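Number of protein chains: 2
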Amino acid sequence: MTAPRRGRRPGAPDTRSAILDAARAGFATSGFAGTSVRSVAAAAGVDAALVHHYFGTKEDLFVAALELRLDPREAMTPVVLAGADQAGEALMRVFVAVWDDPEVSLPLRALVRGMSEPPTQQLMRDGFTQMVLGPVGLALGIDQPERRMAHVGSQLIGLVVIRYLLAVEPLASMPPDLVVATYAPVLQGFLTGPLPS
Amino acid sequence: MTAPRRGRRPGAPDTRSAILDAARAGFATSGFAGTSVRSVAAAAGVDAALVHHYFGTKEDLFVAALELRLDPREAMTPVVLAGADQAGEALMRVFVAVWDDPEVSLPLRALVRGMSEPPTQQLMRDGFTQMVLGPVGLALGIDQPERRMAHVGSQLIGLVVIRYLLAVEPLASMPPDLVVATYAPVLQGFLTGPLPS
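For the record, the sequence lines run as chains A and B. Per full-length UniProt numbering, residue 1 is the first one in the first sequence, and the count goes up by one each step. Per full-length UniProt numbering, residue 1 is the first one in the second sequence, and the count goes up by one each step.
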């Protein structure tokens, strides 16, 4: 379930962290769509080619700026491989594995705790929709992917709040398998069940 | 849907607000169970009888300290009257009516925005479970009321985050009736459907 950690790359740690700081500030204030590799490079006082060299695409840069301990795009692979009809359970398995792991979920918890601040809200909204909900909805080939994935997101983020943040019992200490078994059908209904219109 | 607002009561506004401040501090640091009318009275430098006179029971005092614009216990009346088999839709109707109203939901939004701070977490946890989830689960006479209502709560709080706080589309601008129609079956499943064990 754990994606490989990014190793520390050689050289120029100051330049790297200047780029990451600029990227985080840009994504937080202007959003993913309103931020370019070029604008991040300018803010960090480096050439855009250097940003690409260190971090890859704009998406890669965004993931790096979030300072997660797993790449959400890689974490979603088993969900996509499961296919639309099994994605509910696969998604719950990934979700519980990530959030029940104190180390892996640490940066995610920090993000959720900052939910009251507009910059963090922007990062959460973009991170959640751009990195997780959007690509998974598309890859699964479901109809109305944005709407269905927003419903899925509403259940998952609520589970984050109740089980992990507020620690409301009996959900807080429920065995992971029981959490999966309880919520997988709900997610599956959102993904492939009938939707009222 | 809107419960009557509490009118301003005559006399001693300083004493009233001293009691409310002490109550809020007590509930936030010691929780609902760990706070007594007596301890609030002592912190405010008044007699316990005066607290009862101004605010009623400890539950009433807790509701007053939350400074909501509706009494959650009254707001839940239509849900209880609907009965267990119809409670999913009734609960969604109350939820959307309250949260779609900017004025009524203002203090609730403030509470959710403070979710990162432990005192507010304590108020949210107790307010949610003591005032809403606990009594409704009991009144509906469902089995495993704490577990079922925690599942219900996980979906509702997630909807708060996605629709109202982060405003993720298309959920943020979805018509209220469609939100009710989409989520009522999910809540109903949590309330009266089969639960894995």
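All residues carry an ideal CB built from backbone N, CA and C; glycine is no exception. Since we're looking at a predicted model, the values are computed, not measured.
For A:L133, which residues in the same chain have their Cβ closer than 6 Å to its Cβ, ignoring the five residues on either side in sequence?
Residue 133 of chain A sits at position 133 when you count from the first residue of the first sequence. M149, G153.
Please check if any C-beta of chain A sits within less than 8 Å of the C-beta of B:P176.
The count along the second sequence starts at 1 and reaches residue 176 of chain B at position 176. Closer than 8 Å: no.
Pick from B:D60, B:G56, B:A23, B:L70 that is closest to B:A43, judged by C-alpha positions
In the second sequence, residue 43 of chain B corresponds to position 43, counting from 1. Its Cα nearest to that of B:A43, the residue B:A23 stands out among B:D60, B:G56, B:A23, B:L70.
Please check if any C-beta of chain A sits within less than 8 Å of the C-beta of B:P119.
Residue mapping note: residue 119 of chain B aligns to position 119 of the second sequence, counting from 1. B:P119 does not count as touching chain A.
Using a C-beta cutoff of 8 Å, does residue 211 of chain A count as contacting chain B?
Beyond the ends of chain A as shown, which are 1 and 197, falls residue 211 of chain A; an answer cannot be given.
Provide the residue span of the alpha helix (DSSP H) that contains A:L165, from first to last.
Translated into the one-based positions of the first sequence, residue 165 of chain A becomes position 165. It is not in any alpha helix (DSSP H) - A:L165 carries neither H nor E in the DSSP assignment.
Close beta carbons around A:V63, own chain, < 8 Å, minus the five adjacent residues each side
As a first step, residue 63 of chain A must be located in the first sequence, where it is residue number 63. The answer, listed in chain order, is D71, P72, R73, M131.
For residue 235 of chain A, which option in A:T77, A:E67, A:R69, A:D21 has the closest C-alpha, if you only look at C-alpha atoms?
This structure cannot settle anything about residue 235 of chain A, because the visible part of chain A is limited to 1 through 197.
At which residues does the alpha helix (DSSP H) containing A:R148 begin and terminate?
Counted from its first residue, the first sequence places residue 148 of chain A at position 148. Boundaries of the alpha helix (DSSP H) around A:R148: 145-159.
Measuring CA to CA, which of B:H151, B:V179, B:E146 is closest to B:I162?
Here residue 162 of chain B corresponds to residue number 162 of the second sequence, with the count starting at 1. It is B:V179.
Can you give me the C-alpha to C-alpha distance between B:A110 and B:A167, rounded to a whole angstrom?
Here residue 110 of chain B is taken as the residue at index 110 of the second sequence, counted from 1. Here residue 167 of chain B is taken as the residue at index 167 of the second sequence, counted from 1. Roughly 16 Å separates the two Cα atoms.
Quick one: residues in its chain with C-beta nearer than 8 Å to the C-beta of residue 228 of chain A, no 5 flanking neighbours on either side, listed in chain order?
Nothing in the structure corresponds to residue 228 of chain A, since chain A is present only between 1 and 197.
Proximal residues, the UniProt domain "HTH tetR-type" (13-73) of chain A versus chain B, C-beta separation under 7 Å
So the list is empty, because no residue satisfies the distance condition.
For a contact meaning CB atoms closer than 7 Å, what does A:I157 contact in chain B?
In the first sequence, the residue the question calls residue 157 of chain A occupies position 157. Residues of chain B passing the Cβ test: G158, V161, I162.
Three CB pairs or more closer than 8 Å across the segment 114-127 of chain B and the segment 27-34 of chain B:
yes
Backbone secondary structure at A:E89 - three-state DSSP:
The residue labelled residue 89 of chain A in the question sits at position 89 within the first sequence. Correct three-state label for A:E89: helix.
Which residues in chain B sit within 9 Å of A:V186, going by Cβ to Cβ distance?
Residue mapping note: residue 186 of chain A aligns to position 186 of the first sequence, counting from 1. Listed along chain B are H151, Q155, V186, G189, F190, each with a C-beta nearer than 9 Å to that of A:V186.
Who are the Cβ neighbours of A:H53 in its own chain at under 7 Å, not counting the five residues just before and after it?
The residue labelled residue 53 of chain A in the question sits at position 53 within the first sequence. Contacts found: none.
Keeping to the same chain, check which residues put their C-beta closer than 8 Å to that of B:L165; ignore five residues upstream and five downstream.
For this step, residue 165 of chain B is matched to residue 165 along the second sequence. Around B:L165: R109, V112, R113.
Output yes if chain B places a C-beta closer than 8 Å to the C-beta of A:L171; else output no.
Position 171 of the first sequence, counted from the start, is the residue given in the question as residue 171 of chain A. Interface residue (Cβ-Cβ distance to chain B less than 8 Å): A:L171 is classified as such.
Taking Cβ-Cβ distances below 9 Å as the criterion, which residues of the segment 128-141 of chain B are in contact with chain C?
Here the protein chains are A and B, and chain C is not one of them.
Would B:L123 count as contacting chain A if we go by Cβ distances under 8 Å?
Position 123 of the second sequence holds residue 123 of chain B. It does not: the Cβ of B:L123 has no partner Cβ on chain A nearer than 8 Å.
Should A:P78 be flagged as near chain B, meaning a C-beta pair shorter than 8 Å?
On the first sequence, residue 78 of chain A is found 78 positions in, with the first residue counted as 1. Judged by the 8 Å Cβ criterion, A:P78 is not in contact with chain B.
Quick check: is the beta carbon of B:L105 nearer than 8 Å to any beta carbon in chain A?
Here residue 105 of chain B corresponds to residue number 105 of the second sequence, with the count starting at 1. Checking the sequence shown, residue 105 of chain B turns out to be Ser, not Leu. No, no contact with chain A.
Suppose the cutoff is 7 Å on Cβ atoms and the five residues either side in sequence are ignored; what does the same chain contact list for A:L20 look like?
Here residue 20 of chain A corresponds to residue number 20 of the first sequence, with the count starting at 1. These residues qualify, in order along the chain: A64, A65.
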